[in-house]
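Trainee: All letters in the sequence shown, in the order written, are residues -8 to 80 by my numbering. One structure, pasted below without further comment.
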Amino acid sequence: MQASELITKGDLNEFKSELLTEIKRLVQLDGQGQSKKWLKSNEVRKLLKISPGTLQNLRINGTLSFTRIGSIMYYKLEDINKLLEGGLQ
């Protein structure tokens, strides 16, 4: 491997920033110009590109909080953004 092929922490931080910006833009487009405050499970899975089982694990271990109304689970967009930016406390 050549030195020009190495990835630095700076490269990863720049990529993270660009990725978060793009995700936020896509979420706003999905909400037709206005950002949604709450997302359904299928929207969260699509946004994070994860399986239903992975989303269930995030719920079970408390990584991602949710609200259940009837049989539908809703997730705060704010919590998802915090998760992407470095985890929820």
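Glycine residues also receive a C-beta, built at the ideal position from the N, C-alpha and C atoms.
Under a three-way DSSP split, which group does Leu30 fall into?
Mentor: strand
Trainee: From Asn52, Gly77, Glu13, Ser56, pick the residue whose C-alpha is nearest to that of Trp29; which is it?
Mentor: Ser56
Trainee: Would you check if the distance between the CB atom of Leu74 and the CB atom of Thr54 is smaller than 8 Å?
Mentor: yes
Trainee: Where DSSP assigns a beta bridge to Arg59, which residues make up the other side?
Mentor: Met64
Trainee: When DSSP labels each residue in this structure, what does Leu(-3) get in the three-state scheme?
Mentor: coil
Trainee: Along the chain, where does the alpha helix (DSSP H) that runs through Gly81 open and close?
Mentor: There is no way to answer for residue 81, as the model of the chain reaches only from -8 to 80.
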